[in-house]
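The sequence shown: position 164 = 228 (UniProt numbering), numbered continuously. Yeah, the Cβ is synthetic: ideal placement off N, Cα and C, and Gly gets one too. Keep in mind it's a predicted model, so treat the numbers as computed, not measured. Here's the structure we're looking at; comments come further down.
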Amino acid sequence: VSRFEGVTMAPPDPILGVSEAFKADNDEKKLNLGVGAYRTEELQPYVLNVVKKAENLMVERGENKEYLPIEGLAAFNKVTAELLFGASNPVIKEQRVATVQGLSGTGSLRLAAALIERYFPGAKVLISSPTWGNHKNIFNDARVPWSEYRYYDPKTVGLDFDGMIADIKAAPEGSFVLLHGCAHNPTGIDPTPEQWEKIADVIQEKNHIPFFDVAYQGFASGSLDADAGSVRLFAARGMELLVAQSYSKNLGLYAERIGAINVVCTSADATARVKSQLKRLARPMYSNPPIHGAKIVANVVGDPTLFNEWKAEMEMMAGRIKNVRQKLYDSLTAKDKSGKDWSFILKQIGMFSFTGLNKAQSDNMTNKWHVYMTKDGRISLAGLSLAKCEYLADAIIDSFH
Ligand code: PLP
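Below, the structure written as structure tokens:
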């Protein structure tokens with residue numbers, strides 16, 4: 065008898081489990097709209113040209129595979145903070161950002177959660193309802209209590225701004241407020257700049273600490289600067305804040321696990337101390353981060369020519385998703401005779417569309433139509449082609465009615 069008899073079977077992951085089910089389906093009409101990974105119009109994975117160029121440079125230079133320091137590659141940490149805040153931002157000039165390379169967005173969030181657990185015992189993290197499925201797991205495993213604030217309004221398929229503000233106001237002083245910097249996952253609904261100002265007002269009033277998750281910089285609008293607008297607006301108020309960054313989507317470095325945690329403090333002194341503690345937390349967890357993705361980002365973001373090429377490629381990717389979004393809307397509007405208003409699809413931004421399909425309807429999408437998606441009704445438009453829009457529209461209309 066196994067000593068592991070008491071270990072029960074874990075449920076499949078609600079997002080990554082979708083890809084496993086997709087692989088097992090042999091129907092040729094099948095579509096994987098589960099995971100948020102960019103595909104070409106031929107629905108193939110895409111490696112950015114700038115990434116290939118950066119990798120070639122690494123080979124030409126004969127770069128080694130020695131350990132990185134605990135905090136990661138210095139050249140990466142420098143450019144990643146500059147990309148986020150803008151190189152001339154006072155927080156950078158005044159050395160008020162503690163930047164530590166993390167294992168992509170997830171690992172960076174997890175490191176920040178460990179910091180909260182150690183230095184803010186009992187403090188709660190407020191997360192949006194709904195949010196990316198892994199947020200709750202991350203804070204649960206770090207033993208950080210969390211609760212939800214209202215975000216999505218099913219009636220308008222838009223932002224429940226009043227509910228959001230009321231819930232942030234009602235939370236205990238000094239809570240952490242997790243915010244999606246841009247391209248909210250799963251809803252694709254972001255606050256307007258005016259709404260961001262009001263959110264910042266309430267957070268300041270209540271002495272909360274904003275904690276941004278920026279997994280889609282450049283993917284919401286196509287512009288890296290515009291997509292960092294929310295974070296910069298808070299930083300410009302002199303607030304202390306946390307920002308987790310990921311290069312999975314915008315540089316297509318999903319499997320390289322490259323990202324960072326940035327903690328903005330009010331003094332350079334506090335910043336240095338926070339950084340030292342982030343390193344102390346990282347050391348027993350994974351010792352030091354991987355070098356390959358860090359070098360790619362440092363080469364691309366740190367080189368003006370490659371940086372411009374990256375921006376062009378990102379615009380191309382964001383543009384393809386916008387085209388697919390438009391075609392899906394057009395197909396739904398043309399085919400659906402019920403008079404339903406589908407314009408919410410065009411208002412959403414980023415990789416995803418939140419369709420409003422419930423669990424049973426999402427099951428119909430998969431079981432009858434071989435369209436794989438998460439059960440919250442989210443579809444990844446990054447995994448859709450123009451050629452499949454009509455088929456998808458048929459599936460959605462059938463599942464709704
Ligand atoms: N945060 C959000 C909101 C995401 O959507 C994702 C990826 O889907 C991540 C973080 C982290 O992804 P990764 O760990 O690949 O950087």
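Going by beta carbons, W210 and F203 fall inside the 7 Å limit. Residues of the same chain with a CB within less than 6 Å of the CB of A459, apart from the 5 flanking positions on each side, are M429, W433, V435 in chain order. Note that the stretch 319 to 327 touches the stretch 164 to 172; at least 3 beta-carbon pairs, one per stretch, sit closer than 8 Å. Taking all protein chains in view, the Cβ of T220 is surrounded by fewer than 16 other Cβ atoms within 10 Å, so the residue is classified as exposed.
Not a single heavy atom of the ligand PLP lies less than 6 Å from the C-beta of D77. The C-beta separation of L445 from S407 comes to about 16 Å, leaving the pair out of contact by the 8 Å criterion. Taking 7 Å as the cut-off, the Cβ atoms of L305 and P255 do not count as close. With a threshold of 16 other beta carbon atoms within 10 Å, H199 meets it and is buried. When the Cα atoms are used, F184 and A247 turn out to be separated by approximately 29 Å. The continuous beta strand (DSSP E) containing R442 extends over residues 442 to 444.
For Q259, the enclosing alpha helix (DSSP H) covers residues 257 to 269.
Counting along the chain, I322 sits inside the beta strand (DSSP E) bounded by residues 322 to 328.
Per the Cβ contact rule, the stretch 169 to 183 is not in contact with the stretch 384 to 395 (fewer than 3 Cβ pairs under 8 Å).
Counting of Cβ neighbours within 10 angstroms places D205 among the exposed residues, the total staying below 16.
Using a 10 angstroms sphere on the CB of K359, the tally of other CB atoms reaches 16 or more, which defines it as buried. Comparing alpha-carbon positions, the option among P194, R296, L112, K93 lying closest to Y318 turns out to be L112. Taking the CA atoms as reference points, G136 sits about 44 Å from E92.
In chain order, H434 place their CB closer than 7 Å to the CB of D89, counting only its own chain and leaving out the 5 sequence neighbours on each side.
In the structure shown, L223 adopts extended strand secondary structure according to DSSP, grouped into three states. With a threshold of 16 other beta carbon atoms within 10 Å, Y131 falls short and is exposed.
Only residues of its own chain outside the window of five on either side were considered, and among them V241, P274 have a CB closer than 6 Å to the CB of I267, listed in chain order. A distance criterion of 6 Å places the beta-carbon of W196 in contact range of the ligand PLP, judged by its closest non-hydrogen atom. Counting along the chain, Q309 sits inside no alpha helix (DSSP H); it lies in the beta strand (DSSP E) bounded by residues 305 to 310. The beta carbons of G252 and Q412 sit closer together than 7 Å. Under the criterion of beta carbons closer than 8 Å, G302 and T330 qualify as touching, at roughly 7 Å.
By the criterion of a C-beta distance shorter than 8 Å, S83 is surrounded in its chain by N96, G98, V99, Y436, once the five residues flanking it on both sides are discounted.
Beyond the five residues adjoining it in sequence on each side, A332 comes within less than 7 Å, by CB distance, of E158, Q159, R160 in the same chain, given in chain order. In the DSSP secondary-structure assignment, N96 is bridged to Y436. Between A346 and S310, the C-beta gap is not smaller than 7 Å, which leaves the two residues out of contact.
Taking non-hydrogen atoms of the ligand PLP into account, the C-beta of A451 is found less than 6 Å away from none of them. In terms of Cβ geometry, G420 and G441 form a close pair [threshold 7 Å].
Residue nearest to A284 within the set A138, A382, G222 is A382 (criterion: CA-CA distance). About 6 Å separates the CB atoms of V114 and E377; that is less than 8 Å, so the two are in contact. Going by beta carbons, G245 and F276 fall inside the 7 Å limit.
In this structure, the ligand PLP has a non-hydrogen atom nearer than 6 Å to the beta-carbon of T170. Bounds of the beta strand (DSSP E) holding L243 are 240 to 244.
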